[in-house]
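What follows is a single structure, written as structure tokens, with notes after it.
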Amino acid sequence: MPLATCVALLMVFDWAALPGIVLTLFLRYYFRVGAEMATLLTVIYFTSLFLAWLGYRWQAGNRWSAALGLMNLAWMRVGWLLVFLTVFFMTVLQIVVESGLLPGYLGLVTADFVTLRTLINLQAMIIGILLNSHVIYLVIRMIRQPRYWRVLRMMLRKQRAPGVKTTEMVVWFLVMATMVTLLSVPSISEPFTKILLSDYTLTLLFPVMLFGALRYGYYFISIVWSITLTVLFYNYQGFISETGFVHNLVFVSALMLVYTITLLLMSALSSRQRLLMKKFKSAALLDPVFGLPNLRAFNRDLARHPRSMLCFIRVSDMDVLSRNYGMQLRIQFKQQLAVGLKPFLQSGERVYHLPGYDLVLRLNCEDADMKLQGLHDYLEDFRLLWNGLPLHPNIGLSYCTVYSPVEHLPILLGELSGIAEVSLTTGQPESNKSDHSQVQLEIRDKVDMLHKIQRALDDDRFVLMAQPILGVRGDSYYEILLRMFDGSQDTLITPDKFLPVVHEFGLSYQMDMWVLRHALMFINQNRVRLPSLRFAVNFTPSTLCRPTFTRDFKSLMLEYEIEPFQIVLEVTESHLLQNMKYADFAMRELRAYGCRIAIDDFGTGYASYGRLKAIQADILKIDGSFVRNMLTDSLDAYIVQSICQVARMKHLSIVAEYVETEEQKAALHALGVDYMQGYLVGKPEPLATLLDFP
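Next comes the structure, spelled out in structure tokens:
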């Protein structure tokens with residue numbers, strides 16, 4: 018106990034504790050053995066403590082006073098304050114006893130050093146320093162600073178495993194207390210009871226304490242185990258047999274030493290593991306570069322609140338600014354913007370980092386209009402001072418209200434990003450959803466449609482429709498249209514329902530190649546009954562721009578032995594604006610291959626005539642919106658006439674869509690239209706119905 022107390026004092030007061038330790042030790046032994054032997058014992062204590070503390074301070078440096086239970090200092094403390102201190106102290110004491118300066122009856126060593134008694138004392142000293150120094154250290158800290166008990170209580174809670182309940186701890190304590198009580202009761206003669214009150218119960222105590230070490234942490238188990246050992250050693254007669262008492266005491270003390278080291282080590286490791294896990298979880302919720310909560314934290318916070326308002330902040334032109342001034346500009350801009358937004362946030366509301374140049378806020382729904390106006394005003398006034406230059410890129414703000422659980426969060430953020438683009442133009446917070454649940458419902462419907470499309474592609478649950486295109490000179494071909502089965506084989510989904518989802522999620526190429534393969538397959542399988550059958554197949558500009566498209570197209574044509582003249586590629590003109598350069602290369606190559614190119618829905622895209630000068634095509638299809646009312650609307654009639662004149666100058670064949678009456682057909686024929694398409698000519702029918710015609 019004296020060494021444990023001395024170590025605890027050094028851990029609190031450092032070198033300043035040595036004078037008090039020396040005086041106390043001298044007085045302690047002075048009244049027991051006299052001044053001469055008290056002086057000698059005090060010198061032995063002082064020398065051992067001085068050298069051990071000197072070595073520890075030298076190796077630990079400025080971290081010598083760090084909290085107990087830290088693994089990075091554990092080995093230094095074990096090496097210097099436990100192993101070195103006890104071994105050096107016992108060795109010096111043995112030398113002094115053997116020299117005759119001290120009598121052997123003091124109880125620590127005898128003239129014969131290698132004895133069981135010496136081993137017992139050494140093990141007892143190690144256990145005492147391991148445990149009692151911790152408890153005494155905590156007591157001294159609380160006496161010196163009464164508020165330290167709050168820190169200790171916080172550490173006891175912090176080191177406990179998640180999910181530990183009071184009931185569990187009470188049950189564990191009752192089991193442990195019962196076993197300690199059994200061990201402390203003097204032995205009696207009944208066989209069964211004698212087993213329970215023997216050192217056999219001591220072995221059963223270890224798993225109970227080990228459970229506590231893993232669940233309740235280092236501080237808790239060190240305090241409880243220290244008190245437990247004190248009680249057990251005070252009542253050692255209850256579990257140590259008098260027969261072979263010394264040998265039994267050696268075994269029990271060694272067992273206690275192993276238990277102590279194991280319990281302290283396991284409790285320290287488990288506490289450290291839980292602390293690291295907590296840090297890892299906290300770090301996983303922060304972006305390491307921007308230091309802001311990330312999408313994982315955003316998703317977690319949405320789940321914690323039944324109703325939230327989301328505000329999406331879109332920073333325009335940040336890409337250009339980042340290229341000119343470096344990535345540090347983007348980092349500093351988002352950080353300062355997030356800091357400036359915090360005064361507008363209530364408890365539980367946060368700013369979250371999104372990949373790229375955007376931020377998103379989760380707000381409570383109370384006083385939503387006032388919050389939005391305050392955020393908008395701040396964003397309008399925000400400036401980043403970068404090297405003396407105030408920067409203020411255009412910032413868009415969109416918002417919506419959602420209920421937990423929020424499904425398909427990335428898609429929802431994509432919707433808000435698109436709405437924020439509108440805000441960049443209007444200069445006001447935008448939300449085109451009047452119903453708070455409409456965004457989530459539309460996203461859910463969109464995802465359901467995506468799943469249907471993917472299953473249809475995998476299981477061939479699409480159906481090809483054919484609508485005739487009749488030439489004024491008697492020739493004809495068919496436009497291939499697409500429908501999708503909805504669950505059952507008798508319900509079809511029209512393209513306007515699923516094609517937007519196909520384009521949004523990048524399935525255009527997969528869809529186009531599915532249509533092409535099955536159209537070519539039909540021609541190949543029915544080439545005898547339907548010789549020289551020609552199909553017009555629609556392709557998206559993204560498909561034409563794919564580097565491998567022309568190679569894949571030719572490969573399928575060769576696989577099914579189809580002649581190039583049998584396929585007309587229809588491309589929507591309004592989609593070609595931003596992809597003209599890449600689409601033109603593919604169209605040139607396919608025209609050279611022998612296929613014909615048709616520009617679909619001509620007139621609906623802007624700058625159509627300018628594009629027509631550069632587009633390499635063979636057929637021009639007039640959009641049906643102009644044909645439908647051309648007999649009653651002079652402007653539509655003039656547009657159709659103008660398109661026909663330009664097409665003839667380019668030597669293009671002309672196809673008119675939505676031809677529904679004989680009057681329309683006659684008027685179009687007079688304008689020089691070469692092909693008619695519409696309900697007057699024929700409605701879309703399943704591809705297999707072509708086999709029904711003679």
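Counting in our numbering, the sequence shown tops out at residue 711, every number present.
Yeah, the Cβ is synthetic: ideal placement off N, Cα and C, and Gly gets one too.
- A buried status is given to Ser270, since no fewer than 16 other beta-carbon atoms sit within 10 Å of its beta-carbon.
- A straight-line Cα-Cα distance of about 20 Å links Ser670 and Glu677.
- The Cβ atoms of Ser325 and Val423 lie closer than 9 Å to each other.
- For Glu438, the secondary structure class from DSSP, reduced to helix, strand or coil, is helix.
- Residue state for Met647 is assigned as coil, using DSSP reduced to three classes.
- The beta carbon of Glu680 is closer than 8 Å to those of Leu648 in its chain, skipping five residues each way along the sequence.
- Shown here, Leu524 sits in coil according to DSSP, grouped into three states, outside any helix or strand.
- From the listed residues Met28, His535, Gly117 and Trp97, the smallest Cα separation to Ala83 is found for Met28.
- Non-local C-beta neighbours of Thr103 in its own chain, meaning closer than 8 Å and more than five positions away in sequence, comprise Leu20, Leu139, Met142, Ile143 and Ile146, ordered along the chain.
- The C-alpha of Ala320 lies about 6 Å from the C-alpha of Ser421.
- Counting C-beta pairs closer than 8 Å gives fewer than three between the stretch 290 to 300 and the stretch 333 to 342, which falls short of the contact rule.
- Gly413 is classed as buried because its beta carbon has at least 16 other beta carbons within 10 Å across all chains shown.
- Residue nearest to Arg605 within the set Ile616, Trp189 and Ile632 is Ile632 (criterion: CA-CA distance).
- A straight line joining the alpha-carbon of Thr557 with that of Met528 spans about 10 Å.
- Residues of the same chain with a CB within less than 7 Å of the CB of Ala536, apart from the 5 flanking positions on each side, are Leu481, Ile497, Phe552 and Val554 in chain order.
- Note on geometry: alpha-carbon atoms of Thr565 and Tyr599 lie some 12 Å from one another.
- Its chain contains Tyr577 as the residues whose beta carbon lies nearer than 7 Å to that of Met538, once the 5 sequence neighbours on both sides are disregarded; these appear in chain order.
- With a threshold of 16 other beta carbon atoms within 10 Å, Leu133 falls short and is exposed.
- The continuous alpha helix (DSSP H) containing Pro36 extends over residues Ala34 to Val50.
- Counting every other CB atom within 10 Å of its CB across the protein chains shown gives Tyr154 a total of 16 or more, marking it as buried.
- Counted as a single uninterrupted DSSP element, the alpha helix (DSSP H) harbouring Trp92 occupies residues Met88 to Val95.
- For Phe556, the uninterrupted beta strand (DSSP E) run begins and ends at Phe552 to Phe556, by DSSP.
- Counting other Cβ atoms within 10 Å of its Cβ, Arg568 stays below 16 and is therefore classed as exposed.
- The DSSP-derived three-state label of Ser493 is strand.
- Comparing C-alpha distances from Trp75 to each of Leu98, His520, Lys700 and Arg546 shows the shortest one belongs to Leu98.
- By the C-beta density criterion, Tyr526 is buried, having at least 16 other C-beta atoms within 10 angstroms.
- When DSSP states are grouped into helix, strand and coil, Phe502 belongs to the strand group.
- In the structure shown, the three-state DSSP call for Tyr692 is strand.
- In the pairwise beta carbon analysis, the stretch 424 to 440 is classified as not touching the stretch 482 to 491: fewer than three pairs are separated by under 8 Å.
- Taking all protein chains in view, the Cβ of Ser415 is crowded by 16 or more other Cβ atoms within 10 Å, so the residue is classified as buried.
- According to the DSSP assignment, Gln484 belongs to the beta strand (DSSP E) that extends over Phe479 to Gly488.
- Setting aside the 5 residues that flank it on each side, Val532 is surrounded in the same chain by Phe479, Leu481, Ile497, Leu499, Val554 and Asn555, each with a C-beta closer than 8 Å to its C-beta; the list follows chain order.
- DSSP, read as helix, strand or coil, puts Thr103 in helix.
- Annotation: the continuous alpha helix (DSSP H) that includes Cys23 extends over Pro19 to Phe30.
- Rounded to the nearest angstrom, the gap between the Cα atoms of Met226 and Ala25 is 24 Å.
- Counting only runs of 4 or more residues that sit fully inside the stretch 266 to 346, the alpha helix (DSSP H) segments are 312 to 321 and 335 to 342, in chain order.
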